[in-house]
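Read through the structure below, which is laid out as structure tokens, and then see the notes.
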Amino acid sequence: MPQQVQGVIARAKGAAVEIATITVPDPGPGEAVVRVQACGVCHTDLHYREGGVNDEFPFLLGHEASGIVESVGEGVTEVAPGDFVILNWRAVCGECRACERGRPQYCFNTHNAKQRMTLEDGTELTPALGIGAFAEKTLVAAGQCTKVDPEASPAAAGLLGCGVMAGIGAAINTGNVTRGDSVAVIGCGGVGDAAVMGARLAGASKIIAVDVEDRKLDTARGLGATHTVNSRTTDPVEAIRGLTGGFGADVVIEAVGRPETYEQAFYARDLAGTVVLVGVPTPEMRVDLPLIDVFGRGGALKSSWYGDCLPSRDFPMLIDLYRQGRLDLDAFVTETIALDEVEQAFTKMHDGDVLRSVVIL
Numbered sequence: 001m002p003q004q005v006q007g008v009i010a011r012a013k014g015a016a017v018e019i020a021t022i023t024v025p026d027p028g029p030g031e032a033v034v035r036v037q038a039c040g041v042c043h044t045d046l047h048y049r050e051g052g053v054n055d056e057f058p059f060l061l062g063h064e065a066s067g068i069v070e071s072v073g074e075g076v077t078e079v080a081p082g083d084f085v086i087l088n089w090r091a092v093c094g095e096c097r098a099c100e101r102g103r104p105q106y107c108f109n110t111h112n113a114k115q116r117m118t119l120e121d122g123t124e125l126t127p128a129l130g131i132g133a134f135a136e137k138t139l140v141a142a143g144q145c146t147k148v149d150p151e152a153s154p155a156a157a158g159l160l161g162c163g164v165m166a167g168i169g170a171a172i173n174t175g176n177v178t179r180g181d182s183v184a185v186i187g188c189g190g191v192g193d194a195a196v197m198g199a200r201l202a203g204a205s206k207i208i209a210v211d212v213e214d215r216k217l218d219t220a221r222g223l224g225a226t227h228t229v230n231s232r233t234t235d236p237v238e239a240i241r242g243l244t245g246g247f248g249a250d251v252v253i254e255a256v257g258r259p260e261t262y263e264q265a266f267y268a269r270d271l272a273g274t275v276v277l278v279g280v281p282t283p284e285m286r287v288d289l290p291l292i293d294v295f296g297r298g299g300a301l302k303s304s305w306y307g308d309c310l311p312s313r314d315f316p317m318l319i320d321l322y323r324q325g326r327l328d329l330d331a332f333v334t335e336t337i338a339l340d341e342v343e344q345a346f347t348k349m350h351d352g353d354v355l356r357s358v359v360i361l
């Protein structure tokens, strides 16, 4: 029968979030109910609260999560009750043109649970990224659950559900960083730092972290950056070229999502180098580049959506690396908090005081 749990909702644009009673229906065909153990506070949740994604209020926030499968609906074979899972927002369909071409990581028809969770009065909730995990339990499509090693810390594992995967994937999957490459990462928040870590995992010989705050650069160095550049006081393009023999980096990852930093990334890469945009821009932003430079510099200009990840492939692999001590996911957990501290966590995140606040349930 339907269950009532506590969750964090955003009722209106810009309004402070609040705790509310949520009704979670029994899972239907292809669905699963997950008891949430941990959920990171991501910038995307703040975008939802501010109306930056859409206006389908009220939202049930939270999406960067791990937990235990409690029950499953008819036809579910991917997971079973008791499985420890990371939730993802790329439940591949298996039928679209990308999936049929053997590229499910680019699935164009990812799906969510068909049923909606509601408030006590029956008002339907829009779950953030189809997940809604700032709640004691949530309803998702079974394909949004990826089974991983249950010995992993829930707080660390859940971060692969969004930001950390986006950064690692931007380096490894989208940028195709490989042994000996030079890599520059512009913007050292959680996603940028994850890109630094991904470049290190891939064997990059030189990893240049760029930010306007020295404390963020210190963190990036601790996660694998070999060089740092404070772009508030130093021209980052000239600095990156100076550190790469005058040529520019093989791969430049832009993790800010602004025209000026994208232009820096464009000119800080070597000829035939790659630019990866993983920072999320706003709709009104525009980039003005001389077309002759786009042509003459060659290479590739790419966008990385969710780190071009395939959860069923990437999550278990990265959790194995974490369990082996080769991927320090714990370093991204700045603090653990309760459900009623999400609003304060948004403030800390906006001020750059944390990599991740993680709600523990």
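Numbering (UniProt numbering), first residue to last: 1 to 361. Using N, Cα and C, we set each Cβ at its ideal position, and we do this for glycine too.
Counting only unbroken stretches of 4 or more residues, the alpha helix (DSSP H) elements lying wholly within the segment 22-52 are 43-49, in sequence order.
By a beta-carbon distance limit of 8 Å, V41 contacts V359. Their separation comes to about 7 Å. K206 has S182 as its beta-bridge partners, per DSSP. By the criterion of a C-beta distance shorter than 7 Å, A133 is surrounded in its chain by V36, C39, G62, H63, A65, L87, once the five residues flanking it on both sides are discounted. Around A91, the same chain offers T110, H111, A141, G143, Q144 as residues with beta carbons nearer than 6 Å, after the five sequence neighbours per side are excluded. By the beta-carbon neighbour count (other beta carbons within 10 angstroms, threshold 16), M285 is exposed.
Distance from V177 to V185 at the Cβ level is roughly 10 Å; contact not present, criterion being Cβ atoms closer than 8 Å. For P150 and T123, the gap between their C-alpha atoms comes out near 35 Å. In terms of Cα proximity to R269, the closest of V72, R241, D293, V278 is R241. DSSP, reduced to helix, strand and coil, places H227 within a strand of the structure shown. At a Cβ-Cβ threshold of 8 Å, T146 and F315 count as neighbours. P236 and T336 have their C-alpha atoms some 34 Å from each other. CA-to-CA, the gap between Y106 and Q4 works out to about 35 Å.
With a cutoff of 8 Å on beta-carbon distance, V72 and P27 are scored as near each other. A straight-line Cα-Cα distance of about 6 Å links V278 and S303. In the three-state reduction of the DSSP assignment, A268 falls in the coil class, being assigned neither a helical nor a strand state. Listed in chain order, the beta strand (DSSP E) elements of length 3 or more contained wholly in the segment 241-301 are 249-254, 269-277. Annotated as distal: I168 and G325, with beta-carbon spacing of 8 Å or more. With respect to the C-alpha of D328, the residue from S153, T23, N173, D121 having the closest C-alpha is S153. CA-to-CA, the gap between C309 and L339 works out to about 28 Å. The beta carbon of V24 lies closer than 8 Å to those of P2, Q3, Q4, V5, V33, M117, A135, K137, T138, L139 in the same chain, with the five residues before and after it left out.
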